Amino acid sequence: MFRYLLLTICSLLFCRWIYAQDSTYAMRLGFPDSARVLILHMDDAGMSFDSDSGIIRVFEQGVALSTSVMMPCPWVPHMVRYIVEHHVDAGLHLTLTSEWKDYRWGPVAGAAAVPGLTDSTGNLWPDVADVVRHASAEEVSREIEAQLQKAERMGFHPTHLDSHMGTLFATPAFLQAYIHLGIRHHIPVMFPGGHDSYLRQQMHFSDAQLQQLQAMGRQLWQAGLPVLDDLHNTSYDWQIPPDMPRDDDHLRQWRVALYEKTLRELKPGLTMVIMHCTSTSCNFSHISDSGDIRRADMLAMLDPGFRLFLQQHGFIITTWREVMQRRQAIAH
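Start counting the sequence shown at 13; every next residue gets the next number (the numbering used here).
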């Protein structure tokens, strides 16, 4: 009898181990086993009035339900007021670069506090490589903490943290500063620590790199934070065909087709889909030449056909707020 009981216990433990290996973070958060769960996420809130306008329009009429704010940028008060009044899902787009030629911003902590993060103009460096070359991890930690504290002083309590231009993923020390900020303040961080099937295909990760991501994902989960199974971060690289007209109808159809094609490739799990929804005016071209790509994102998220596609293919749309609530509802 004891031998039978021992074998049964071992069998159950083995099954639980197999389940833990095969389960997605979405499943652990209580979503259906085979569900493809999406956080449709709009970057660059606060960067410009056009950025804010596009994001707000999608919040009110479209399918994307999440955004994040660039705290050093000039249009932050406008966006934060909307976030606080409407209680939308919004995090911090932690910003360590100022990439445009004539439209610049400096660090929230002040240039004197983080000299390695600033160029000769007192603004943040334009490129990730410049940040890696000049800034220390201590300065990075000081600046991202300052951005969080600025948000809190404004009455804006972020639902998550993520990284503008991926700068916080550029070195192990920067990444640790980012992870520790989230753990210290118990705020979810955007981190693909699951199977990463789509991301691995796009980035050509090795097995060793994938294992490193998964190890850090386990660290975040054990700290009580939700973890992404995958990341869809390719849309900014989709270049408009040179012979395609750039009116709204063509931009919308082109962008929707690409989103539908790539979302079909996603495996079950929790995936964040990054985009840049912008209601471009004539002024945006003085900031960046990316206006048509950004406008196309906004048009795609407003498209009724894309909404129907998501419904017909069984995608579940969630937010960082919801996944954190689900994480808090279960044991470590």
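Virtual Cβ for every residue (Gly too), placed ideally from N, Cα, C.
As the structure is a prediction and not an experimental result, all values here were calculated from the model.
In the DSSP output, what is residue i paired with across the bridge?
i: Ile329; result: Leu50
i: Pro89; result: Answer by DSSP bridge pairing: none, since Pro89 is not bridged.
i: Leu243; result: Met284
i: Val81; result: Ala57 and Leu104
i: Ser175; result: Leu106
For residue i, which three-state DSSP category applies?
i: Leu311; result: helix
i: Leu211; result: helix
i: Ile286; result: strand
i: Ala185; result: helix
i: Leu108; result: coil
i: Pro204; result: strand
i: Leu270; result: helix
What's the C-alpha gap between residue i and residue j?
i: Val96; j: Phe186; result: 30 angstroms
i: Ile156; j: Gln214; result: 28 angstroms
i: Glu72; j: Thr292; result: 17 angstroms
i: Gly128; j: His176; result: 18 angstroms
i: Phe43; j: Asp241; result: 13 angstroms
i: Asp208; j: Val268; result: 23 angstroms
i: Asp190; j: Leu77; result: Reading off the sequence, residue 190 comes out as Tyr, not Asp. The alpha-carbon atoms of Tyr190 and Leu77 are separated by roughly 23 angstroms.
i: Gln324; j: Phe318; result: 10 angstroms
i: Ala345; j: Ser218; result: One cannot answer for residue 345 here, as it falls past the ends of the chain, which runs 13 to 344.
i: Arg154; j: His198; result: 17 angstroms
i: Ser35; j: Asp45; result: 8 angstroms
With a threshold of 8 angstroms on Cβ separation, who are the neighbours of residue i within its own chain once the five nearest residues in sequence on each side are excluded?
i: Ile286; result: His53, Asp55, Leu243, His244, Asn245, Ser247 and Tyr248
i: Tyr345; result: Here the chain has residues from 13 to 344 only, and residue 345 is not among them.
So, at 6 angstroms on beta carbons, what are the nonlocal neighbours of residue i in its own chain, with the 5 sequence-adjacent residues on each side left out?
i: Phe327; result: Arg48 and Leu50
i: Glu272; result: Phe321
i: Gly167; result: Val96
i: His90; result: Asp64
i: Glu151; result: Val126, Gly128 and Leu129
i: Pro200; result: His172, Leu237, Pro238, Trp332 and Met336
For residue i, count neighbouring Cβ atoms within 10 angstroms of its own Cβ and tell me buried if that reaches 16, exposed if not.
i: Ser132; result: exposed
i: Cys289; result: buried
i: Cys85; result: buried
Skipping 5 residues on each side, what residues in its chain have a beta carbon closer than 7 angstroms to that of residue i?
i: Tyr94; result: Ile68
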